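So in the working numbering, spot 114 of the sequence shown is number 105, and the numbers just go up one at a time. Even for Gly, the Cβ is constructed at its ideal location relative to N, Cα and C. These numbers come from a predicted model, not from an experiment.
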Amino acid sequence: MAEFPKVSQDFNRRINKKSSSVRLKKFIILTFIVGIGVLFMQGDYGLLKIYRLKMKIRAAEKEVTQLKVKAVDLKWETDKLKADSQYIQLYASEIYGYARPEGQIIKFVSADSAR
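Dropping the structure here:
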């Protein structure tokens, strides 16, 4: 049987020293990556801030669209109230309950409001 040569203590120390330096390098790289990640995620130019601002922009654009539609509806109604006499009569009778002297008003009451 052949005997294996014994490994010296110096060789064992060098191997352990390299593994600790590898661990140190891994720790430094990991710390660097985490630090970069934190910088990108926080602050004025962070990814989370940018995402939240994009969501606010989408909500504001949606609100602007709704307000534009409402403005068109109101413009149509004001034009009708300025020029259309039939619409004015209809509006006055439905909203304010006005009627001509010869007209007869019939009011329908729902079963829930009669109680």
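If you draw a straight line from the Cα of I41 to the Cα of K53, it is about 18 angstroms long.
Nearest in C-alpha terms to Q77, of all of K16, V63, A90, is A90.
In this chain, the alpha helix (DSSP H) harbouring D64 covers 38 to 74. The C-beta distance from M32 to L39 rounds to 5 angstroms, short enough to meet the 8 angstroms contact threshold. In the three-state reduction of the DSSP assignment, E93 falls in the coil class.
The residues K40, in chain order, have a CB closer than 8 angstroms to that of G34 in the same chain once the five nearest residues on each side in sequence are set aside. Separation of E85 and V55 (C-alpha to C-alpha, rounded to the nearest whole angstrom) is 30 angstroms.
Using a Cβ distance threshold of 8 angstroms, Y87 and L72 do not count as a contacting pair.
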